[in-house]
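Reviewing the structure listed below.
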Amino acid sequence: MSDATTEEEERERGQERERTEQAMLHVSNLEKRFGGIVAVDGVSFEVERETITGLIGPNGAGKSTAFNLITGVYAPDAGSVYFRGENVTELRPHQLVDRGLVRTFQISRELAGMTVLENVLLAFDEQRGESLWRPVVPGARRAVVRQERELIDRAWEILELFELDHLAHEDAANLSGGQRKLLELCRALLTEPTLLLLDEPMAGVNPTLEKKLLARLHELREQGYTFLIVEHDMDIIMNNCETVIVMHQGQVLARGPPEAIQEDERVIDAYLGGEL
Amino acid sequence: MSRDVPVRCDGGNDSESRDEERANGPTNFLLNGNARPRWLNDILIIGKATVVVYGVFIGLGLAAGLDMNGIVSTLQQVTLLAASFALVVLALNLHWGYTGLFNIGVAGFMAVGAYTMALVTAAPDATFPGLGLPLWVGVLAGLVASALVGFLVALPALRLRADYFAIVTLAAAEVIRLVFNSSALHEFSVLGVELGTGGGQGMSFPNLRNTVSRELLYVGGDPTAGPTLFGRPFMAVGDRLELSPSVVEGWVYTVVLVALVAFAFVVITRIGNSPFGRMLKAIREDELVARSLGKNTDRVKIKVFMLGCVFMGLAGIVWQGRRGYIDPNLFLPIITFYIFIALIIGGSGSNTGSVVGAFLFAGLLFEGPPFVQRIVDATFDLPHPPTVYDGAVALGDLDPMPLLGYAVGELPNLRFVLFGAVLIALMIYRPDGILGHRNEPASPIDLTKERAPREREHAVADGGEEDE
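Just so you know, the sequences run in chain order A and B. Sequential numbering of the first sequence, starting at 1, is according to our numbering. Sequential numbering of the second sequence, starting at 1001, is according to our numbering.
Next up, the structure:
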């Protein structure tokens, strides 16, 4: 009898571990309070590898806070975050980026006083010239310049792809809202991520470019990238995501394929208001 | 397809060449647009500032009837002060201009460098004894100590937001000054070695300026032994212009300082124009973005803070420590604010601006007014009323001379009014300083000359030139 229980427990634990290891991202019982407000209240979900997962919910549902907890900007009051099977709850943002977990911001955070080209060049990972002494010492600087040449060429490629090349020398402060979103996406992709957390990536982007970007996202997903997207445009979520997670008042209300979510009574009550 | 995409400025050659013009911008065209490389431009700008300041002093000197020895000596003093300022303004530019670290404790880090050198080099049998080691050991020890103190201050301070960071640096600088001022360190012993800062009395140690200039000028540092290879041209010029040996020695030390400024300029410019400099700029603009792009900003900030402190320590040694005597009053917070004024005049974020600002501030604003006062006193017989009231009363009798005389007599104090007036004028007409508006992308390659591959096919591009 006792043997059977242990076996069962063992199997359950094994399944749990397997789930944690298989999923790209596994969030477990995440909790964060600001003063008296519980912004995120015991949130758990997984993001499967090579999928586009949508995270939706009304304003104040805790989506952005969840993003900040996952990416290490805030420290959670409870719960943990597993990225590719590794517990990354305590890690700092730059350490998460090194492991391939990268995010963009809801309100674009372009580096206003730097040109678009500089913004893009900053993003490249492991630049030789990011040490203090190499750019100063005469011989070593040559290698820095050589790498910079390569980086500039790659920067032009991605700027053309996102149709920002004609703005390369503008200060990022002069870009429109949509262009800033593009610039952020550009930068995020250049850090060589495996999982990208995009906070309202399509807000302010015109429909044609939006279509192109979505096509680009699907391409990237086929190449092995994984996406977790917060978005208010229901059409985008329902047409492009394999899985949708609905948050409401700091908790996960529902999780499933778009069709199921659209028919979920609780979701319709809480959020969609019967529109769909 | 591109018809529907407003962000893309599609079109023929016409619109593209216009784009290019816009990308270059009018300011770039004026300051950077000609084919001259960036560094040559910078030297020309610094040269112009030097000519202006020298011109003013030569003109004033001639008007006062100074002889050649007097004029050359005056220029030497101005250059020495300007170079000292330039060194520490460059260091502050690395902190504040590039990285946005609002360090208002500059004087404290200068004090660490100068006092460490003093304690290491002062004779063991002096009133306030030191270790009696050679000067170069003292200078090195001063630089290492500045770096270490910078590290200690950086550890807790860099976790704070900009304004709190400023308070911590100011407090640290005052703590450092008060420690050297305290009677506890008047005389003390460490591991049986007697040391002493002299507290408020200050302490003496071998004269850095004389030692350095004589070592360079004379064989074996002995004025009777004849000039060295390096000293020969100085002596030749000195003989031709009939300069006194002390003026020639002063110039040798000044040249050493200018060389140090050039070294700091090259080092900091190379750091600024590199991927490391790009991270500094990103930290200044938005640190969270830099972290979200995988940059370990804490380490970067500590490194850059320590390096800046080393240059500040160096400035403290060669500037305030040059006379072989220091006391805590040389490191009052007002020094920090002078340095900030110089940086604001030049334009924070620009190394060329830092040097130009240091030159204009030290030359025209700081040394200029007392010099004018001395000349006017020596040349004209102005009345010297004891208070401004007497001058104002005399105005009633339509006699402006007493008021003018009072103003000239008070010129060294009136320059503080001048500082304020200049700052207000700058805020209104030139908020970025003289050169702060310049577009200087952080990269070892001049990015302003880069052209998109699409544009390169059309334009005869001069891009791709590497600025090494």
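The beta carbon of each residue, even a glycine, is placed where N, CA and C say it ideally should be. The model shown is predicted, which means the values in this text are computed figures rather than measured ones.
Nearest residue (CA-CA) to residue i, options the options
i	options	result
alanine 1111/B	Ser1146/B, Ala1082/B, Phe1102/B and Gly1130/B	Ser1146/B
lysine 1295/B	Leu214/A, Arg187/A, Asp77/A and His232/A	Arg187/A
serine 80/A	Val43/A, Thr51/A, Val47/A and Ser108/A	Val43/A
proline 1412/B	Ile1424/B, Val1376/B, Asp1397/B and Glu1440/B	Val1376/B
threonine 243/A	Asp233/A, Ala173/A, Ile229/A and Gln251/A	Ile229/A
arginine 49/A	Gln251/A, Phe227/A, Leu253/A and Asn240/A	Phe227/A
glycine 1405/B	Gln1373/B, Leu1307/B and Leu1423/B	Gln1373/B
leucine 196/A	Val40/A, Val47/A and Val27/A	Val47/A
glycine 1346/B	Phe1340/B, Ile1339/B and Val1356/B	Val1356/B
threonine 1352/B	Leu1435/B, Ser1204/B and Ser1443/B	Leu1435/B
leucine 167/A	Gly35/A, Asn119/A, Thr71/A and Ser28/A	Asn119/A
valine 102/A	Asp77/A, Leu25/A and Trp133/A	Leu25/A
tyrosine 225/A	Glu231/A, His232/A and Leu217/A	Leu217/A
methionine 1117/B	Leu1195/B, Gln1077/B and Asp1067/B	Leu1195/B
isoleucine 107/A	Glu200/A, Leu121/A, Thr71/A and Leu132/A	Glu200/A
glutamate 163/A	Tyr74/A, Val144/A, Ala140/A and Leu213/A	Leu213/A
Rounded distance between the beta-carbons of residue j and residue i, thought under 8 Å
i	j	result
alanine 1107/B	isoleucine 1317/B	Rounded, the Cβ-Cβ distance is 13 Å, inconsistent with contact.
asparagine 1181/B	arginine 1323/B	Not a contact, Cβ separation roughly 19 Å.
aspartate 171/A	threonine 104/A	The pair is not a contact, with the Cβ atoms about 20 Å apart (cut-off 8 Å).
leucine 1280/B	threonine 1099/B	4 Å
proline 193/A	glycine 85/A	With 8 Å as the limit, proline 193/A and glycine 85/A do not qualify as a contact, their Cβ atoms being about 17 Å apart.
leucine 1101/B	lysine 1303/B	So it is not a contact: roughly 12 Å between Cβ atoms.
leucine 1170/B	glycine 1105/B	5 Å
aspartate 165/A	arginine 1415/B	Not quite, the Cβ-Cβ distance comes to about 51 Å (not below 8 Å), so this is no contact.
glycine 1272/B	alanine 1452/B	Actually they are not in contact, since the Cβ atoms of glycine 1272/B and alanine 1452/B sit about 25 Å apart, beyond 8 Å.
Cα-Cα separation, residue i to residue j
i	j	result
alanine 1392/B	proline 1402/B	8 Å
valine 1247/B	leucine 1087/B	22 Å
glycine 1097/B	leucine 185/A	28 Å
glycine 1202/B	valine 1193/B	19 Å
valine 183/A	proline 1275/B	Sequence check: residue 183/A is leucine here, not valine. In a straight line, the C-alpha of leucine 183/A is about 19 Å away from that of proline 1275/B.
aspartate 1222/B	serine 1213/B	11 Å
arginine 1278/B	valine 1267/B	15 Å
tyrosine 1164/B	methionine 238/A	47 Å
serine 64/A	phenylalanine 45/A	15 Å
glycine 1138/B	valine 1168/B	28 Å
alanine 112/A	glutamate 1285/B	7 Å
aspartate 1125/B	glycine 1132/B	9 Å
methionine 109/A	arginine 180/A	This sequence places arginine at residue 109/A; methionine is not what is there. About 8 Å.
asparagine 1028/B	asparagine 1041/B	At asparagine 1028/B, the pLDDT of 40 sits below 50, so the modelled position is not reliable; the number obtained from the coordinates is stated separately. Spanning the two alpha carbons is a distance of roughly 12 Å.
glutamine 249/A	alanine 66/A	12 Å
glutamate 150/A	alanine 1083/B	38 Å
aspartate 1399/B	aspartate 1390/B	11 Å
serine 1348/B	glycine 1070/B	35 Å
phenylalanine 1331/B	glycine 1142/B	15 Å
arginine 92/A	glycine 72/A	5 Å
aspartate 41/A	arginine 1161/B	29 Å
proline 135/A	threonine 1336/B	29 Å
asparagine 1103/B	glycine 1059/B	38 Å
serine 1422/B	alanine 1342/B	First, the amino acid is wrong: residue 1422/B is valine here, not serine. Between valine 1422/B and alanine 1342/B, the C-alpha separation is close to 11 Å.
leucine 1293/B	leucine 96/A	10 Å
Buried versus exposed, by CB contacts within 10 Å (16 or more), residue i
i	result
glutamate 10/A	exposed
glutamate 1367/B	buried
glutamine 1320/B	buried
arginine 1291/B	buried
arginine 1379/B	Reading the sequence as shown, one finds threonine at residue 1379/B and not arginine. So threonine 1379/B ends up on the exposed side.
alanine 173/A	exposed
methionine 202/A	buried
valine 1231/B	Checking the sequence, you will find glycine at residue 1231/B rather than valine. Looking at its Cβ environment, which holds 16 or more other Cβ atoms inside 10 Å, glycine 1231/B is buried.
valine 246/A	buried
leucine 1000/B	Since the first and last residues shown for chain B are 1001 and 1468, residue 1000/B lies out of range.
valine 88/A	buried
alanine 260/A	exposed
aspartate 269/A	exposed
leucine 1066/B	buried
Which residues DSSP lists as bridging residue i, in chain order
i	result
threonine 53/A	Leu228/A and Thr243/A
phenylalanine 1188/B	Leu1195/B
glutamine 277/A	The displayed coordinates of chain A run from 1 to 276. Any statement about residue 277/A would go beyond what the structure contains.
alanine 34/A	According to the sequence as given, residue 34/A is phenylalanine; it is not alanine. Note: phenylalanine 34/A sits in a beta bridge opposite Ile37/A.
methionine 1203/B	Ile1326/B
histidine 26/A	Glu46/A and Tyr82/A
glycine 256/A	Val244/A
proline 1227/B	Tyr1218/B
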